[in-house]
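To start, the structure itself, in structure tokens.
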Amino acid sequence: MTNALLARFIPEARDLLQSSASGLLRLEKNPTDATAINEVFRAVHTLKGSSGLFDAMALTRLVHAAEDLLGEVRSAKRELDSDLVDMLLDSLDQVSAWIDDLERHERLPADADRVCKDVVTRLRAHCTQTEAAASDTGPVAGGAPAADLGWIADLPECDRIAVFGRACRGHPVVAARYRPVASCFYSGEDPFNLVLQVPELGALRVAPPAPWPHIGDLDPYQCNLEFFLLSNGARVEIEHLFRYVSEQVEIEQIQADALIRITGDHHAAPVHEDFADEARALVAAQDWAALRDATAALLRLTNPDLRNAAALRWLAAVLDAPFPNPAWASALIEVIAAGGVPALGAPPSEPLRPVLTTVAAGADPIREADPSNACSDDSLQRRIIAAQRQILAAASDADRVRRHAPAVVQILAGLARVEGDDRRAADVAAAGEVAETDGTTSMLLALVDRWLATDTVVDDLSDEAPSRVQPDSADAARATETGVPTKPDSAREERSAAARMLKVDQAKIDLLMNLIGELVVSKNSLPFLARRAEQVHGSREMAREIKDQYAVIDRLTQEMQGAIMQVRMLPVSEVFDRFPRLVRDLARKLSKKIELVIEGEDTAADKTIIEALGDPLLHIVRNALDHGIEPPADRAQAGKPDHATLLMKAFQEADQVVIEVTDDGRGIDPDKVRAAAIAKGVVSAAEAAQLSDQAATELIFRPGFSTAAQVSDLSGRGVGLDVALTTVEKLGGRVGVTSRRGMGTTVRIGLPLSMAVTRVMVVGVADELYGIPMDVIAETVRVPRRRVKMIKQSPAFVLRNTVVPLLRLSRALGCAERVADDDVDEAVLVCRIGGNPIGLVVDSFREGMDVILKPFEGVLAGMPGFAGTALLGDGHVLLVLDLKELL
Amino acid sequence: MPLRFDEGNVVFEGACMVEEALGLAEHWRAVPPGIADLSACTYLHTALVQVIAAAAPAEVVAPADPRLAHWIMPVLSPAALPGRSRS
């Protein structure tokens, strides 16, 4: 699967489906189980949310409907009975089947919109609240195909005849009725132009459901139009076009004869009765050319407004088909003779093609058989297809091809439709057009060969299991019976083969990692052992062997450590993937033109870090879009390209993963930030005045800053950049911002690559060793005592023109102080805590090292000031300080 | 400006989007609708289609784009609603 996001969504969706199904079952046993309903609701809600990322509209809509229903159950508006549970479970099964489809084909099956509509209709029928809203938004199809198509008669006759003519040449006929909701303009819809995009649009009537008010009372932003249309395009394509408004549209594939509606004044003249007698005979003799001439002649004599003229026009249209349908012709002749409604529509008996003589006997049963039976006639179908192939292959010159192609196309298209394969039918029609115009059969032949090839495979299968024929169509058949397709068997087989991915509880990985950590530490005791062997037991050889073994274990543990880190490492694309869509949607909402550039998405970091990055980045990106990037007009004034660029860049820098979000917007104005911060009481006016521009810019990260005056739809909803900062700092990272007025802003997040190993600096204080996390340490300096000044009661010293307060770590830890010796310089560790420098006086600096930090447990858990402990190679326990808490 | 007003006559040019609808309706409220000239119009938003259909101007000049003209004219010219289409 190429789409990594989808690949992750699929197992997740299966889990969610699984947990909602089991929750539903628990609920059924105990309807008052609040935990269960919440769990189900949460699962369905999450599924809805994440499915929205993919082109799976039908799935999202279905899940949404289920969620609404569950919402009612949760708020106790509705009781959950077994019927409801059944229905919900059925819907979940449907979703599950679609998930399988997504996994195999990365898209939903062609009939998804239709199935979704049926299921949603049933769910909505149960749903009290939304039903009222839905019913006035437009006609909700009852799922039954018996929609009222009476409106077809209102379409212009000439258009209908044109559509009919194409239908007789193997194209499908789709009738659609689209009633946009009155408020559709507000959601950015443009119904008329949507309708104009219908493929092969053949006839259109637009009517206001309510009469037009006087122009003075007209509300131009209320849609008052209804669209009725016919098309020769494929139904799936039309459904796809209308997928966002599928509740407002009824789409039906209809038989060509449904277009024959005769209107006009009834007035039968004797000449018409004579014509009818003659015509009956010609139909019986199948002398279409003569009948065509007779019809044309009579039509010239008949007043075009008469009903019979209309009937004659239709008769001409029927006869224009490459192979006129005798039933339709007869019905129309009877109308001409006696008036009334043409007796059409009953069994859609299309005429047999002369070329079909070899298999003629079998043709009708297939055409009329319902799809589930059609499969059992598989071999017959193959014979028909093979016969068409022969005809095509035999057609040597272009003329013959042109003559035979329409019939072949019609048969093939008919077969495809019987199989429920609209796409193939459309392909056939397209290939047929090429054959008819160019006189070449290569495209059609290729199509037929492909078809035969797929069916051959099926034949092999059906030899072993006679009842199981072509899985797809059998499933489709079951699907049409139940409305909910069952899971295709083939999907299950494929999945068992594809299930290479192992899903492991994170706790197990953590345990493994801890064990490896222990191994690293215990391995470090081997050099000590070697030394002991040599010094205490006096065996150099033993010592050397131990050292040899140590080298091997050392290498292995390092590899193990690397491997387990790899397990936890995820690429940054994990979080970046959601942004293209987000940026696009926000840009549209804000009417800004923004191009998102993502760099370095392969950069990997620990899972915990990647997962925690999502929210901070979201806030930062939103801020950049909302506040940073100017509207196109302002950009034009500033002489910038109207497309703004937002760059998200990830890269590795030393042991940090750095993520930068850069926009080329207006930048941050430190003065404005100062003013806003003062207004919001974040800082006092005096403080603000003292801040450097850079420091003022960083005020945007202060809690309380990102509210009020800059609230917009997107950012400033009370959760702002301070959240981003807190989250990142909690992970041991840093956030910085640089901005140039008018040029743009860069927010930089630096995070440790891995949480597993903490780098600490070991310092000695009062004969004890302590670890201090490296990320708070700015530098180490030695300060001569005389440079330590007392400011009031507090010692401090000047470091590069900055006053750094001094603090004795021994005092903070409550240890005995070393006797001061004026000649010795103070060892000072300069740390940054909350952005402010502070100097820690320690007794000695030791080395920096990687340790596996273990938090305190049990009775020690509450000890303030300590981040945890780490085991040193010689078996000592190192206490690691949490300076923020300690000071 | 995709819409140009000249008394009751309105010339539509290029892509005429939804924002123009209110202005057009208000214009024809003030001045009785004259000729709606769509000959230079390439795209007409549904909201504008509605205003023209409701205002029923004396004459509608068809867009140059034959496809657009074919489908839009029956909706716009007053005779088309709803009579003409019933055959």
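Just so you know, the protein sequences line up as chains A and R, in that order.
Residue 1 is where the first sequence starts when you use the numbering used here, and the numbers rise one by one after that.
Residue 1001 is where the second sequence starts when you use the numbering used here, and the numbers rise one by one after that.
We treat Cβ as the ideally placed atom computed from N, Cα and C, and that holds for glycine.
Because the structure is a prediction, the values reported are computed rather than measured.
For chain A, find out if any of its Cβ atoms is closer than 9 Å to the Cβ of residue i; answer yes or no.
| i | result |
| --- | --- |
| R/A1054 | yes |
| R/L1022 | yes |
| R/F1012 | no |
| R/V1060 | no |
| R/A1036 | no |
| R/E1007 | no |
| R/L1068 | yes |
| R/P1074 | yes |
| R/R1084 | For R/R1084, the pLDDT reaches just 37, beneath the cut-off of 50, and the residue's location in the model is therefore unreliable, leaving the point undetermined. |
Find the residues of chain R that neighbour residue i, judging by a C-beta separation of less than 7 Å, and give them in chain order.
| i | result |
| --- | --- |
| A/W212 | A1053 and A1054 |
| A/F888 | Any question about residue 888 of chain A goes unanswered here, given that chain A covers just 1 to 887. |
| A/G897 | What is shown of chain A runs 1 to 887, which leaves residue 897 of chain A out entirely. |
Can you have a look at residue i and say buried or exposed, based on whether 16 or more other CB atoms are within 10 angstroms of its CB?
| i | result |
| --- | --- |
| R/I1072 | buried |
| A/T263 | exposed |
| A/K792 | exposed |
| A/K117 | buried |
| A/G733 | buried |
| A/E131 | Its pLDDT being 41, under 50, A/E131 is placed unreliably by the model, and the measurement read from it follows with that caveat. That one is exposed. |
| A/Y244 | exposed |
| A/P180 | buried |
| A/T35 | exposed |
| A/M501 | exposed |
| R/E1019 | exposed |
| A/H105 | exposed |
Against residue i, what residues of chain A qualify as contacts under a CB-to-CB distance less than 8 Å, listed in chain order?
| i | result |
| --- | --- |
| R/V1031 | None at all; the shortest Cβ gap to chain A is about 11 Å. |
| R/A1025 | I215, L218 and P220 |
List, in order along the chain, the chain A residues whose C-beta lies closer than 7 Å to that of residue i?
| i | result |
| --- | --- |
| R/A1047 | F185, P220 and Y221 |
Taking residue i as part of the alpha helix (DSSP H), name the residues at either end of that continuous run.
| i | result |
| --- | --- |
| A/N514 | Q506 to K523 |
| A/Y244 | Where A/Y244 is concerned, there is no enclosing alpha helix (DSSP H), given that its DSSP letter is neither H nor E. |
| A/R540 | R540 to R568 |
| A/Q694 | D693 to T697 |
| A/S231 | Taken as a continuous stretch (DSSP letters only), A/S231 belongs to no alpha helix (DSSP H), being part of the beta strand (DSSP E) at E226 to S231. |
| A/T295 | W288 to L301 |
| R/A1093 | Outside the modelled stretch of chain R, which goes from 1001 to 1087, sits residue 1093 of chain R, for which no answer is possible. |
| A/D606 | Premise fails: A/D606 lies in the beta strand (DSSP E), A604 to D606, not in any alpha helix (DSSP H). |
| R/I1072 | P1066 to L1076 |
| A/C168 | E157 to C168 |
| A/F41 | A34 to S51 |
Could you tell me whether any Cβ in chain R is nearer than 9 Å to the Cβ of residue i?
| i | result |
| --- | --- |
| A/E237 | no |
| A/P631 | no |
| A/N224 | yes |
| A/L201 | yes |
| A/L204 | yes |
| A/L196 | yes |
| A/P616 | no |
| A/P837 | no |
| A/P156 | yes |
| A/P11 | no |
| A/P208 | yes |
| A/P180 | yes |
Given that residue i touches chain A, what residues does it touch there, using C-beta distances under 9 Å?
| i | result |
| --- | --- |
| R/V1018 | F185, G188, D190, P220 and Y221 |
Return the first residue and the last residue of the beta strand (DSSP E) that residue i is part of.
| i | result |
| --- | --- |
| A/K649 | A644 to E653 |
| A/S739 | R734 to R740 |
| A/R588 | No beta strand (DSSP E) holds A/R588; the alpha helix (DSSP H) holding it covers F579 to L590. |
| R/N1009 | N1009 to C1016 |
| A/K503 | No beta strand (DSSP E) contains A/K503, which DSSP labels as neither H nor E. |
**Request:** Would you check if the segment 1014 to 1025 of chain R and the segment 867 to 879 of chain A touch, i.e. whether three or more CB-CB distances between them fall below 8 Å?
**Result:** no
**Item:** Inter-stretch contact (C-beta, 8 Å, three-pair minimum) for the segment 228 to 235 of chain A and the segment 166 to 182 of chain A
**Value:** yes
**Prompt:** Do the segment 657 to 674 of chain A and the segment 733 to 751 of chain A make contact, defined as three or more Cβ pairs closer than 8 Å?
**Reply:** yes
**Contact between the segment 215 to 228 of chain A and the segment 34 to 53 of chain A (3+ Cβ pairs under 8 Å)** = no
**Item:** Given 8 Å, three or more beta-carbon pairs between the segment 535 to 549 of chain A and the segment 570 to 589 of chain A
**Value:** no
**Meets three-Cβ-pair contact criterion under 8 Å: the segment 383 to 398 of chain A and the segment 193 to 212 of chain A** = no
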